[in-house]
Amino acid sequence: MNHTANEEHEKLNFIEQLVEEDLKTKKHYGRLLTRFPPEPNGYLHIGHAKSICLNFGLALKYGGKTNLRFDDTNPEKEETEYVESIKHDIKWLGFEWSEELYTSDYFEQLYDFAVILIKKGLAYVDDQTAEQMAAHKGTPTEPGTLSPYTSRTVEENLDLFTRMRAGEFAEGEKTLRARIDMTSPNMHLRDPLMYRIKKDHHHRTGDKWCIYPMYDFAHGQSDSIEKITHSICTLEFEVHRPLYDWYIKQLEIYPSQQTEFARLNLNYTVMSKRKLLKLVQDRYVSGWDDPRMPTISAMRRRGFTPEAIRNFCDTIGVARRENVIDFGLLEFCVREHLNKIALRRMAVIDPLKIIIANFEEGKNEILSAENNPEDPEAGNREMIFTREIFIEHEDFMENPPKKFFRLAPGGYVRLKNAFIIKCDEVIKDDAGKVTQLNCTYVPESRSGHDTSGISVKGVLHWVSATENITAEVRLYDRLFTVENPDNQEKEFLHYVNPDSLKILNKAYIEKHFALDSIDSKFQFLRLGYFCFDKDSTPQHLVFNKTVGLKDSWAKISS
RNA sequence: UGACCGAUGGUGUAAUGGUAACACAGCAGAUUUUGAUUCUGUCAUUCUAGGUUCGAGCCCUAGUCGGUCAACCA
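Quick note, the first sequence lines up with residues 568 to 1125 if you use this note's numbering.
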């Protein structure tokens, strides 16, 4: 690190600039309080991670705080299961909220706010059906017309609203609306709904309420009640801002301020909760945490690290234009972190047997191997070299092209951390498939003590055929075959990648894995980064491929 | 065919009236007992047309393209 070069000033996104300006002008007496407001009706995904990193990151950077507020105003969709998973994901990402709050905590206060608006003549009870209301609402190009119920008196409205709360009316029979402007070009200002009747059991308030506030009548006031200084949300809420401001102004409460940014889009995946739920329900994936999903829980299971995800969110930036981030950038961030911390191990996932003719049968030669060349403190481990070993099938070619510097008939190659071997004979089955290689090794080529004078270009990973452990390995590819599964001719489900999961039942891994912690991150040498799946048992190890190594040979050879 | 928002290399993000930069991807090379990592080099950018200004990616006007808005969802 060059500490003298800090004059080079840091890139601030537009929200950081706004916050710095507000802090400087003491707009909120120099205070900063953000909030992350998920609706507990699904699992968090990488798009939420962007919002989490933004909201919590701002507070961390500028000495503020962040509340976690569950936006639970719709009893029919929300569940405690989701509350728990959301809390777990935020903690796992490495953030701590100041207060854990629920919009439902404010139901009584919101009710009082509604009464205030009724008394000011700014809200009325409407008896119209949803259809009638839609007809009066107009369209974006035509103004709406007044509801026939706007003429009710304050007393009448107060009475009706009280009786709504008391459960005297059926669902859909009555609503409470704000009286604003039916001709506004902004549809959200055309007498928006404040309350609807819903006789549902709420995950926290039980059966106490039968009227529930709409998002617009709850969100801004909740921010205001908590004295949130900066209420950050995604672009589609921009048209809601005049209403957000209107409620705060009419109620004369704390002026929280909403700022919008563009949500994250990633190619080769979908991000809407509805679509993710569909993938789960229709069994395209095994669950919300299927490692192919873009959810936080799936990424955790797949072996992505919080550091990598945070760094990704930092790298993509924050702006107001629509964007589609390349999935490859996320993978880059994951590799970047895993390269530093992953333990190097050897595993052969598509084995080809080699018999080393001049190596004594039954002999075990103990070799030393670095656990992580990027981290000297990670130390070394022992590997067992034997007469029979496995190498990767694709590391041998009978008729290799010019630039192939792995094993070929008559050729030499180094076995990583072991010896140089020479391929003497190729054994095939009746179908002509290569089933075994007979080789000889160069005894004086032992790694670290090589006096053979032979130089080889290729270095292969290997596992003893007699001293090993077997394991299941799950390989993942992108979930969809097209960059943008939304906006295709057919429904998104038609574009699910049929090869997004490959299960290899019998991979051979080095014995040292028996000593490794379940939480470890691994690099299978020359194959990629892997981690234990939660399905693992001591008798049956299961690995997930987190992400492959950058593979320039794959590019050359294709 | 209304209102609002947006438009900078292939993808993202900076530059806040004064030399268009950074990351990823791509390409070329060096190092390498991982075809990894690391390092070096390189390609490539201001939607269009007017205007203001000594000077415009930035300000103004018009157009083009893209997004959002008409749930008793959030």
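Even for Gly, the Cβ is constructed at its ideal location relative to N, Cα and C. Here the structure is a predicted model, which is why all the values come from computation and not from measurement.
Per DSSP, Gly1025 lies in no alpha helix (DSSP H) and is assigned neither H nor E. Scanning Ile956, Asp1017 and Pro1052 for the CA closest to the CA of Asn1005 turns up Ile956. Just so you know, the alpha carbons of Arg859 and Thr796 end up roughly 37 Å apart. DSSP lists Thr742 as the beta-bridge partner residues of Asp693. The beta carbon of Ile1085 sits closer than 6 Å to those of Phe1099, all from its chain and outside the five residues before and after it, given in chain order. Put simply, the backbone Cα of Arg1013 is about 19 Å away from that of Gly946. DSSP, reduced to helix, strand and coil, places Phe1089 within a strand of the structure shown.
Nearest to Glu937 by C-alpha distance, out of Val915, Leu833 and Leu1092, is Leu1092.
By the Cβ neighbour-count rule, Tyr596 is exposed, with fewer than 16 other Cβ atoms within 10 Å of its own. By the Cβ-count criterion, Thr729 is exposed, with fewer than 16 other Cβ atoms from all chains shown falling within 10 Å of its own Cβ. Contact annotation: Asn641 and Val692 have beta-carbon atoms that are not nearer than 9 Å. Under DSSP, Leu668 shares a beta bridge with Arg636.
DSSP places Gln1055 outside any beta strand (DSSP E), giving it a letter other than H or E. Contact annotation: Arg902 and Tyr1096 have beta-carbon atoms nearer than 9 Å.
His703 is positioned such that its CB atom lies no closer than 9 Å to that of Ile863.
Just so you know, the alpha carbons of Lys970 and Phe603 end up roughly 53 Å apart. According to the DSSP secondary-structure assignment, Pro918 is paired through a beta bridge with Glu959. Comparing C-alpha distances from Glu932 to each of Asp942, Glu819, Lys920 and Thr953 shows the shortest one belongs to Thr953. Annotation note: the stretch 940-1006 contains the following uninterrupted beta strand (DSSP E) runs of length 3 or greater, listed N- to C-terminal: 947-952, 955-959, 979-982 and 987-995.
Counted as a single uninterrupted DSSP element, the beta strand (DSSP E) harbouring Gln825 occupies residues Gln824 to Phe828. Of the candidates Ser1124, Gly999, Asn1072 and Gln699, Asn1072 places its Cα closest to the Cα of Phe1110. Taking one beta carbon from each stretch, the stretch 1105-1121 and the stretch 1033-1043 have 3 or more pairs nearer than 8 Å; the two touch. In this chain, Ala909 is not harboured by any alpha helix (DSSP H), its DSSP state being neither H nor E.
For Met866, there is no enclosing beta strand (DSSP E); the enclosing alpha helix (DSSP H) covers residues Ile863 to Arg869. When the beta-carbon positions are compared, Val837 and Asp1053 come within less than 9 Å of each other.
The three-state secondary structure of Ser1012, taken from DSSP, is helix. In the structure shown, Ser798 falls within a strand segment according to DSSP collapsed to helix, strand and coil. In this structure, Arg744 and Ala690 form a Cβ contact; the two beta carbons are roughly 7 Å apart against a cut-off of 8 Å. The alpha-carbon of Asn832 is positioned some 15 Å away from that of Ile619. Annotated as proximal: Tyr669 and Arg636, with beta-carbon spacing under 9 Å. The C-alpha of Trp1029 is placed about 15 Å away from the C-alpha of Thr1007. Taking Tyr811 as the centre and dropping the five residues before and after it, the same chain places the C-beta of Gly787 and Gln825 closer than 6 Å to its C-beta, in chain order.
The beta-bridge partner set that DSSP reports for Val1109 consists of Glu1039. For the pair of segments examined, the stretch 904-923 was found not to touch the stretch 650-663: the number of CB pairs separated by less than 8 Å stays below three. CA-to-CA, the gap between Arg719 and Pro607 works out to about 37 Å.
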